[in-house]
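A.B. asks: Under the working numbering, the letters of the sequence shown match residues 424 to 572, in that order.
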Amino acid sequence: MRYARSVLSATALAALTVGTTAALTAPASAAPNTTPQKVCGSGYKTVNSAPVGSLGTVYLTYNASNGKNCVATIRNNPGTAVDMSAWIYVPDTEEYDEDYGRYTSYAGPTYVYGKAHCVDWGGHINNVYVQVTGSNCGALKEHRVTFTR
């Protein structure tokens, strides 16, 4: 009888440990209070952003050491997975990257080499879309559009 209790205790402890570990380990997309730097990488600095209505923000970041831009769309209130996207395009080189799917917290990262180029970028959360064209070009004026589908 004593052996059976030891086995049951060990089994219960193992199940509790596995359950606790599973409960504390959340997918990366569910991370609350995330930042563009957590999504894109520590070397990326935010250079522009655009609100996605009241749902979140699309961030454009840049890494001066490698010349790359990164875009991430981050929800204000993570929760149930919804349609989201983040995208970036360099018209001069036609380089493009996008991330589209159903996410709980953020879409991205998306990367392109953007040093000395204008970039178009944007993203969406649910049915609210943001598109910024001719961005971060120095003297040129960017064009922003937010729309609902």
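The beta-carbon is built from N, C-alpha and C at its ideal position, and this holds for glycine as well.
Out of curiosity, what's the CA-to-CA distance linking A435 and D506?
C.D. replies: With a pLDDT of 43 at A435, under the threshold of 50, the modelled position of this residue cannot be trusted, and the question is left open.
A.B. asks: What is the DSSP secondary structure of C463, reduced to helix, strand or coil?
C.D. replies: helix
A.B. asks: For W544, which of V513, G476, V475 has the nearest alpha-carbon?
C.D. replies: V513
A.B. asks: Which residue's Cα is closest to the Cα of R572: A509, C560, G557, N549?
C.D. replies: N549
A.B. asks: Compute the distance between the beta-carbons of V551 and T533, then report whether it is under 8 Å.
C.D. replies: no
A.B. asks: How big is the Cα-Cα spacing for N559 and H540?
C.D. replies: 8 Å
A.B. asks: Can you give me the C-alpha to C-alpha distance between D522 and A509, rounded to a whole angstrom?
C.D. replies: 5 Å
A.B. asks: I'd like the list of long-range same chain contacts for R502, defined as Cβ closer than 8 Å, with 5 residues on each side in sequence excluded.
C.D. replies: What sits at residue 502 in the sequence shown is Gly, not Arg. Excluding sequence neighbours, G502 sits near T527.
A.B. asks: Measuring straight from C-alpha to C-alpha, what distance separates S472 and V481?
C.D. replies: Using only the alpha carbons, I get a separation of about 6 Å.
A.B. asks: On the criterion of 16 or more Cβ atoms from any shown chain inside 10 Å, does D520 qualify as buried, or is it exposed?
C.D. replies: With a threshold of 16 other beta carbon atoms within 10 Å, D520 meets it and is buried.
A.B. asks: When burial is assigned at 16 or more other CB atoms within 10 Å of the CB, is N516 buried or exposed?
C.D. replies: A small fix is needed here, since residue 516 is Thr in this sequence, not Asn. By the neighbour-count rule (16 or more Cβ atoms within 10 Å), T516 is not buried but exposed.
A.B. asks: In the structure shown, what three-state DSSP assignment does R572 receive?
C.D. replies: coil
A.B. asks: Using a Cβ-Cβ cutoff of less than 7 Å, which residues in the same chain neighbour V470 once the five nearest sequence positions on both sides are dropped?
C.D. replies: L483, T484, Y485, N559
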